[in-house]
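See structure below.
2 protein chains.
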Amino acid sequence: MKEVTRKEEIIKTAAKLFKEKGYSAVTMRDIATAMGIKAASLYNHISSKQEILKEIIISLAEEFTQEMEQIKRSNNSCIEKLHQIVELHISITSRNTYGMASLNNDWMHLEEQLNYYLELRINYEENFRSILKSGVNNNEIFDKNVEVMLFSILSTLRSLYIWIPSKEDLNVNKLSSQLSNVLIHGINK
Amino acid sequence: MKEVTRKEEIIKTAAKLFKEKGYSAVTMRDIATAMGIKAASLYNHISSKQEILKEIIISLAEEFTQEMEQIKRSNNSCIEKLHQIVELHISITSRNTYGMASLNNDWMHLEEQLNYYLELRINYEENFRSILKSGVNNNEIFDKNVEVMLFSILSTLRSLYIWIPSKEDLNVNKLSSQLSNVLIHGINK
DNA sequence: TATTTTGACTAACACTTGTTAGTTAGGTTT
DNA sequence: AAACCTAACTAACAAGTGTTAGTCAAAATA
């Protein structure tokens, strides 16, 4: 179906603009102009500006949730699971830097889907926290403040969308191992 | 001068709203309503919506710049300088969580001051990078990818505004040492 | 007490916003 | 060839936007 394709073009174009100026500052006319059409024409493919935001954010949030469940259920060590989480973030972010900006900055403009999004987010963080906690119990991870560790690692992973686009010829595996290394072992010699 | 006080009230109220919804989604009527007055009355104290954003962001950016110069010029070890940078971020952020949201998310809506802001930001990052680099040269810091380390630490520090408000009875020194510890030594036992 | 200043108000402006209605050219299906 | 569908268009809307002009009561100053 060609309509889906056109709709996805709109979403992609919108995501790029949302990253630059934020959801609220981007008008339907901005999106249309970027596609070389008029604003009213967008409504042949999408039902509202809201829907565009929803499509961008929810699909990403669900992808994170799904992959996290996978990681959680595996039999790897906690440190190994952390490596996998880092790789997950780098992988999704490198494929969708624009969308990740909306996920991070414009989620509060979701309306009907806001609560659903918040559920996914809280659930994701809770799974992340559990992994760190069992790492502490296993003696794999320092018995430092788990909340501080969670905040620190997650902040870094959530900010990848700002940083990744500036890196030419991205090697996901290489970056993954470098970043995991810094997050897990720190910087002090 | 009372005018300054009232102006500062406006800026404080606006910053809070900007954090919740972003600069573009907040109207002058929103700010006025939050203060119990009418939108037009705001213009007795400020000249434009833009000015509010400028006041919030530039004052913070200049505070960071100034303190960074201080840290840079000190004779401390690089690791000690990193501790000071962590403390700097926690200190400023805890005193101004709302403004830090604008600094992070709404800087692109600066107009005349955009270039100045970008200069300050690049300068700050450059100083941060130098500290890490001399740490590597000194053998204080692992010879890992400096850009990855810089990105990781700075992302965490820049995200503090999201996390700090949820912590009741914040102890700046304690949080500072916990966070430095995680950033510098990692989490792996 | 008289005068000025402060800081609110109402009313209005020109412009921008998301969105709808109705139309139409070109391509596809019957 | 006739009917239909796709995806664009123009025109318009009601609501909301930042901002200005002009007014006025109370407070501060002379």
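Sequence order for the protein chains is W and V.
Take full-length UniProt numbering: the last position of the first sequence gets the number 189, and nothing is skipped along the way.
Take full-length UniProt numbering: the last position of the second sequence gets the number 189, and nothing is skipped along the way.
Idealized CB from N, CA, C, for every residue including glycine.
| Query | Result |
| --- | --- |
| To the nearest angstrom, report how far apart Phe64(V) and Ile58(W) are at their CA atoms. | 36 Å |
| Name, please, each residue of chain V whose Cβ falls closer than 9 Å to the Cβ of Ala109(W). | The displayed chain sequence assigns His, not Ala, to residue 109(W). Lys21, Gly22, Ala25, listed in chain order. |
| Check the Cβ of Glu93(V) against every Cβ in chain W and list those closer than 9 Å, keeping chain order. | With the sequence shown as reference, residue 93(V) is identified as Thr, and Glu is not the correct amino acid for it. Ordered by position in chain W, no residue passes the 9 Å Cβ test against Thr93(V), which lies about 12 Å from the chain. |
| Say whether the region 150-167 of chain W touches the region 96-115 of chain V, bearing in mind that this needs 3 or more beta-carbon pairs closer than 8 Å, one atom from each stretch. | no |
| Once the 5 residues before and after Ala15(V) are set aside, which same chain residues still bring their CB inside 7 Å of it? | Ile56, Tyr98, Gly99, Ser102 |
| Note down the Cα distance separating Ser94(V) from Ala61(V), rounded to an integer number of angstroms. | 15 Å |
| Is Ile153(V) helix, strand or coil by DSSP? | helix |
| Can you tell me whether DSSP reads residue 192(W) as helix, strand or coil? | The structure shown does not extend to residue 192(W), since chain W spans only 1 to 189, so no value can be given for it. |
| Following the continuous alpha helix (DSSP H) through Asp169(V), name the residue where it begins and the one where it ends. | From DSSP, Asp169(V) is part of no alpha helix (DSSP H); its letter is neither H nor E. |
| Does the beta carbon of Glu3(W) sit closer than 8 Å to a beta carbon anywhere in chain V? | Low per-residue confidence applies at Glu3(W): pLDDT is 37, beneath 50, and the placement is therefore not dependable, though the value from the model is reported in the following sentence. Not an interface residue. |
| Could you list the residues in the region 94-105 of chain V with a C-beta less than 7 Å from some C-beta on chain W, going in chain order? | Asn105 |
| Could you tell me whether any non-hydrogen atom of the ligand FAD is closer than 7 Å to the CB of Ser180(W)? | The ligand FAD is absent from the structure shown, which contains no ligand whatsoever. |
| So, at 7 Å on beta carbons, what are the nonlocal neighbours of Gln113(W) in its own chain, with the 5 sequence-adjacent residues on each side left out? | Lys54, Ile58 |
| For Asn84(W), count neighbouring C-beta atoms within 10 Å of its own C-beta (all shown protein chains included) and say buried if the count is 16 or more, exposed if not. | This sequence places Gln at residue 84(W); Asn is not what is there. With 16 or more Cβ atoms within 10 Å of its Cβ, Gln84(W) is classed as buried. |
| Just to confirm the assignment: which complete alpha helix (DSSP H) runs, minimum length 4, are found wholly within the region 31-88 of chain W? | 39-42, 49-73 |
| What's the call for Thr27(W), buried or exposed, on a 16-neighbour Cβ count within 10 Å? | exposed |
| Between the beta-carbon of Ile79(V) and the beta-carbon of Glu140(V), is there less than 8 Å? | yes |
| Would you kindly work out how many angstroms separate the C-alpha atoms of Ser74(V) and Leu150(V), rounded to a whole number? | 20 Å |
| Provide the residue(s) that pair with Ile141(V) in DSSP beta bridges, ordered along the chain. | Asn188(W) |
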